[in-house]
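Participant:
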Amino acid sequence: GTAIMVFLIFLVFITAIEIDGASLTKLFGTVVLLIPSLWFFLRDYQKKRIMTLFNPEIDPLGAGYHSIQSKIAIGSGGFWGKGLFMGTQSRLNFLPEKHTDFIFSVFAEETGFVGVAVLLLLYLFIILKGLNIAFHARDRFDLFLALGIVGSVSFYALFNIGMTVGLFPITGLPLPLVSYGGSSLVTNFFALGLLLNIGMRRKTL
Numbered sequence: 004g005t006a007i008m009v010f011l012i013f014l015v016f017i018t019a020i021e022i023d024g025a026s027l028t029k030l031f032g033t034v035v036l037l038i039p040s041l042w043f044f045l046r047d048y049q050k051k052r053i054m055t056l057f058n059p060e061i062d063p064l065g066a067g068y069h070s071i072q073s074k075i076a077i078g079s080g081g082f083w084g085k086g087l088f089m090g091t092q093s094r095l096n097f098l099p100e101k102h103t104d105f106i107f108s109v110f111a112e113e114t115g116f117v118g119v120a121v122l123l124l125l126y127l128f129i130i131l132k133g134l135n136i137a138f139h140a141r142d143r144f145d146l147f148l149a150l151g152i153v154g155s156v157s158f159y160a161l162f163n164i165g166m167t168v169g170l171f172p173i174t175g176l177p178l179p180l181v182s183y184g185g186s187s188l189v190t191n192f193f194a195l196g197l198l199l200n201i202g203m204r205r206k207t208l
């Protein structure tokens with residue numbers, strides 16, 4: 004999972020350095036052609052995760068269990084949710100890794116569509132504010148640093164939420180600023196602090 008994040012942030016940097024269109028097309032084309040060959044380098048449990056992504060019912064008590072229980076939790080939240088600390092999937096321990104990988108499923112079950120909408124809007128605010136800081140950065144170093152931070156928050160949130168709703172394989176990526184874990188939380192706060200510092204030193208218009 005972390006390797007995917009690093010690669011995506013690398014693509015953000017490649018796009019930001021204003022590489023010519025032909026070279027960018029060749030790069031993306033090469034990546035697309037190489038993706039199928041990665042299958043042969045995956046371990047058996049990684050292949051199983053990908054297979055259950057498309058059909059978790061082929062192993063409902065094994066590799067597909069996490070995805071099935073996560074979807075049940077999210078769907079049962081409805082519009083308003085079941086209330087804080089009232090989610091049955093999490094309270095009855097049907098949902099594994101509820102404090103880390105699947106914290107979004109717990110949040111969606113307890114707060115419903117309304118809570119999820121608020122959370123997504125908060126992430127959108129951070130991303131847009133970060134991009135604004137990046138594009139008004141004082142120099143190129145600050146630009147790339149800000150883009151890296153914004154890209155990290157964006158991709159981690161995207162993949163974690165996508166993982167819980169069955170769009171991406173289960174990779175164990177945390178949800179920024181929400182998942183339980185001291186190192187992840189400290190790292191995110193440190194990164195956002197750097198982003199705010201870049202904003203304070205932005206170039207004057």
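The numbers in the working numbering rise by one with no breaks, and the one at position 7 of the sequence shown is 10.
Note that the Cβ used here is the ideal one computed from N, Cα and C, for glycine as well.
So, at 6 angstroms on beta carbons, what are the nonlocal neighbours of Ser157 in its own chain, with the 5 sequence-adjacent residues on each side left out?
Facilitator: By one-based count along the sequence shown, residue 157 stands at place 154. Same-chain partners within the cutoff: Ile130.
Participant: Gly81 to Arg141, Cα distance in whole Å?
Facilitator: Here residue 81 is taken as the residue at index 78 of the sequence shown, counted from 1. Here residue 141 is taken as the residue at index 138 of the sequence shown, counted from 1. Straight-line Cα distance between these residues: approximately 45 angstroms.
Participant: Out of Met166, Glu60, Phe110, state which residue places its alpha-carbon closest to the alpha-carbon of Leu122.
Facilitator: Locating residue 122 in the sequence shown gives position 119, where the first residue counts as 1. Measuring from the Cα of Leu122, the nearest candidate turns out to be Phe110.
Participant: Which class does Gly86 belong to by DSSP, given the choice of helix, strand or coil?
Facilitator: What you label residue 86 is simply residue 83 of the sequence shown in a count that begins at 1. Coil.
Participant: Would you identify the three-state DSSP class for Tyr183, choosing helix, strand or coil?
Facilitator: The residue you call residue 183 lines up with position 180 of the sequence shown. Note: Tyr183 maps to coil in three-state DSSP.
Participant: Looking only at its own chain, which residues have a Cβ that is under 7 angstroms from the Cβ of Ile136, when we skip the five neighbours before and after it?
Facilitator: For the purposes of this step, residue 136 is identified with residue 133 of the sequence shown, where counting begins at 1. Around Ile136: Ala149, Leu198, Ile201, Gly202, Arg205.
Participant: Assign Val181 to one of two classes, buried (16 or more other C-beta atoms within 10 Å of its C-beta) or exposed (fewer than that).
Facilitator: The residue given as residue 181 occupies position 178 in the sequence shown. Buried: at least 16 other Cβ atoms inside 10 Å.
Participant: Any chance the stretch 48-66 sits against the stretch 93-103, with 3 or more Cβ pairs inside 8 angstroms?
Facilitator: no
Participant: Pick helix, strand or coil for Thr167, following the three-state DSSP scheme.
Facilitator: What you label residue 167 is simply residue 164 of the sequence shown in a count that begins at 1. Helix.
Participant: Could you say which of Trp83, Ile106, Arg94 lies nearest to Phe162 if we only look at CA atoms?
Facilitator: Looking up residue 162 in the sequence shown gives position 159. Nearest C-alpha to Phe162: Ile106.
Participant: So Glu112 packs on Ser79, CB below 8 angstroms; how close in whole Å?
Facilitator: As a position in the sequence shown, residue 112 is number 109, starting the count at 1. As a position in the sequence shown, residue 79 is number 76, starting the count at 1. Indeed, because the Cβ distance is near 6 angstroms, the residues count as touching under 8 angstroms.
Participant: Ignoring anything shorter than 4 residues, give me the alpha helix (DSSP H) runs that lie fully in the stretch 28-64, in order along the chain.
Facilitator: The qualifying runs are 47-57.
Participant: Rank Gln49, Tyr159, Gly196 by C-alpha distance to the C-alpha of Leu11 and give the top, closest one.
Facilitator: Sequence index remark: in the sequence shown, residue 11 carries index 8 (1-based). Taking only the C-alpha atoms, the option nearest Leu11 is Tyr159.
Participant: What does the alpha-carbon distance come out to for the pair Gln92 and Ile75?
Facilitator: The residue given as residue 92 occupies position 89 in the sequence shown. The residue given as residue 75 occupies position 72 in the sequence shown. Their backbone Cα atoms lie some 8 angstroms apart in a straight line.
Participant: Please identify the residue among Ser40, Thr174, Phe16 whose C-alpha is closest to the C-alpha of Ala6.
Facilitator: Position 3 of the sequence shown, counting from 1, holds the residue named residue 6. Closest option to Ala6, Cα to Cα, is Thr174.
Participant: Just the C-alpha distance for Leu41 and Lys29, rounded to the nearest angstrom, thanks.
Facilitator: The residue you call residue 41 lines up with position 38 of the sequence shown. The residue you call residue 29 lines up with position 26 of the sequence shown. Going from the Cα of Leu41 to the Cα of Lys29 covers about 19 angstroms.
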